[in-house]
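Each remark here refers to the structure printed beneath this line.
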């Protein structure tokens, strides 16, 4: 069961990082990271049914994990972007990007395992399970466009 959650989380992380990267420059500049995390934290807190005490302990750790995951993927995203604009890319260039991205996935898996151990000290197994489900649900809703993004697109 944990493998399924891990694979789902990893897939969502990769999809999210590449889809966010694929946005146009103007949309990317308008992305409010703080508002996004506030909305995500509220969603996860509600979905998990966290008490205020649990949320006070868990959410900062959750944010810390997300920041480290993002930072771990930074070099892969940079190399991918550079490769996309390189019309004379060699097989070695492609392999470098692939190798870096695989290494990133491994680092992210290690981070997730490290934080999973920390989460187990704060959350019951049931709430930890709810966290994994809430992460996936939030990612799906975000990718679909959520209510705020749909409203923003209607205004354009």
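In mature numbering (1 follows the signal peptide of the UniProt record, and there is no 0), the protein residues as written are -22 to -1, 1 to 134.
Beta carbons: idealized from backbone N, C-alpha and C, even for Gly.
The segment 5 to 25 makes no contact with the segment 86 to 96, as fewer than three CB pairs between them are under 8 Å. Within the same chain, and ignoring the five residues on either side of residue 41 in sequence, the residues whose Cβ sits closer than 8 Å to its Cβ are 15 and 19.
Using a Cβ-Cβ distance cut-off of 8 Å, the segment 46 to 65 and the segment 76 to 86 are in contact, since at least three pairs of beta carbons, one from each stretch, lie closer than that value. Between residue 100 and residue 32, the CB-CB gap stays under 8 Å. Setting aside the 5 residues that flank it on each side, residue 104 has no residue in the same chain whose C-beta is closer than 6 Å to its C-beta. The C-beta separation of residue 96 from residue 28 comes to about 15 Å, leaving the pair out of contact by the 8 Å criterion. Straight-line measurement puts the Cα of residue 37 at about 43 Å from the Cα of residue 65. Per DSSP, residue 114 is one residue of the alpha helix (DSSP H) stretching across 103 to 122. With a beta-carbon spacing of about 6 Å, residue 26 and residue 112 fall inside the 8 Å limit used to define contacts.
For residue 29, the secondary structure class from DSSP, reduced to helix, strand or coil, is coil. The C-alpha of residue 13 lies about 16 Å from the C-alpha of residue 119. When secondary structure is reduced to three states using DSSP, residue 23 falls in the helix class. For residue 71 against residue 61, the beta-carbon gap comes to about 6 Å, under 8 Å, which counts as contact. Annotation for residue 67: no alpha helix (DSSP H) segment contains it, and DSSP assigns it neither H nor E. Pairing residue 24 with residue 34, the inter-Cα distance amounts to about 13 Å.
In its chain, beyond the 5 residues on either side, 18, 21 and 22 have a beta carbon closer than 7 Å to the beta carbon of residue 116.
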